[in-house]
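Just so we're aligned, residue 0 is where the sequence shown starts under numbering that gives the first Met the number 0, counting upward by one. The C-beta atom is built at its ideal place from N, Cα and C for all residues, glycine as well. Keep in mind it's a predicted model, so treat the numbers as computed, not measured. Take a look at the structure set out below.
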Amino acid sequence: MKRLDGKRFAGIILNDLARRVEHWRQIKGRVPGLGILRAGDDPAGRMYVENKIKRAEQIGLKVFYRNLSENDEQALVRAVEDFNGHPDIDGFIVQLPLPAGWNTRSILEKIDPAKDADGFHPLNLGRLLTDDFDLMPATPAGISELLRHYKIPVAGKHVVIAGRSRIVGRPLAAVLAGRHPGGNATVTLLHSHTPEPEEYIHRADIFVSAVGIPHRWKAEMFKPGAVAVDVGINTLPGGKITGDIDPQGLEKVLSAYTPVPGGVGPMTVAMLLRNTLYLFEKRVAGKE
Ligand code: NAD
């Protein structure tokens, strides 16, 4: 069984991004700016944000970070408007999930689509349904790149995705089923209302799980030779991080597998930074 090492590949991508950032610093005297907005203080959100800041600074980006109160939705709206107009911020994200009861859709819609580094604005998500989109949400982009890097063919394959979130399952389904390089798969999308998901999983050439349930899927559910991509990040009592797929016995069944941690997670961060550089380059080019 091949280990699809997202940590290693993300490192290669980050080195390449760092070279491009340095190139822009030398010829324009400025580096891309990444904005990060967060509301509240849940520990998982803090960990994700700290990791994004660390990697962004490592490749030379300028980071603008604001952590707002979980009691003031309007303050976040004002911060989004501020970042939209900020000349040194080329792309920014609003870290999800937002505090319970907040209007996530309305807040994401206020982000300028030309600065939407996560690609969650409805305009950018909608463009994924066309075949000439240019910005992919980070996790689907990371999965697509990882499969390409390890030469795992997608075209003509049956891809089964468990989970239909706006940030993973649904955009990934659009990307993999689209008519473009890296697409052309036959995609089945499972969710919490799918009776007997195992019926689909055992027919998958490539299985992707983004359900957030530790060890929900077991080795005996997969077709021999299948590829499994585990997006889940679950914290067990005691603090250990684990995926949605139980690793036990996988090597006897699968041909390739993304570990948790060290698989999709690092790829997601690398793709967010690549999106930021892309938005910067579009702005710089647009001004010339
Ligand atoms: P979510 O948590 O918003 O929703 C879970 C999804 O799973 C829903 O669409 C639901 O319908 C589906 N689901 C639940 N039980 C199911 C079942 N038995 N069969 C099929 N589908 C089922 O989804 P999310 O935000 O995409 O997060 C999912 C997991 O992925 C979480 O563990 C999250 O931490 C992780 N995640 C990881 C990354 C990364 O970079 N590795 C990025 C985003 C999310």
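The beta carbon of proline 112 is closer than 6 Å to those of His120, Leu122 and Asn123 in its chain, skipping five residues each way along the sequence.
Relative to the ligand NAD, the nearest heavy atom lies less than 7 Å away from the CB of glycine 168. Counting the other CB atoms within 10 Å of its CB gives proline 42 a total below 16, which places it among the exposed residues.
Proximity annotation: the ligand NAD has residues Thr138, Ala161, Gly162, Arg163, Ser164, Val167, Leu189, His190, Ser191, Pro196, Ala209, Val210, Gly211, Val230, Gly231, Ile232, Val263, Gly264 and Thr267 in chain order, each selected because its CB is closer than 5 Å to a heavy atom of the ligand.
Non-local beta-carbon contacts of tyrosine 277 in its own chain, meaning distances under 6 Å to residues more than five positions away in sequence, are absent. Following the DSSP letters along the chain, one finds phenylalanine 206 inside the beta strand (DSSP E) bounded by residues 205-208. When only Cα atoms are considered, glycine 231 and aspartate 243 end up about 5 Å apart. The secondary-structure analysis by DSSP pairs histidine 157 across a beta bridge with Thr185. C-alpha of aspartate 15 to C-alpha of alanine 9: approximately 10 Å in a straight line. A distance below 7 Å between beta-carbons, with the five flanking residues on each side excluded, links glycine 262 to the following residues of its chain, in chain order: Leu3, Gly5 and Asp229. Contact between the segment 122-138 and the segment 264-274 is present, with at least three C-beta pairs closer than 8 Å. When secondary structure is reduced to three states using DSSP, arginine 65 falls in the strand class. Its Cα nearest to that of alanine 17, the residue Lys61 stands out among Lys61, Met0 and Val210.
In summary, threonine 185 is exposed, with fewer than 16 beta-carbon neighbours lying within 10 Å of its beta-carbon over all protein chains present. According to the DSSP secondary-structure assignment, phenylalanine 8 is paired through a beta bridge with no residue.
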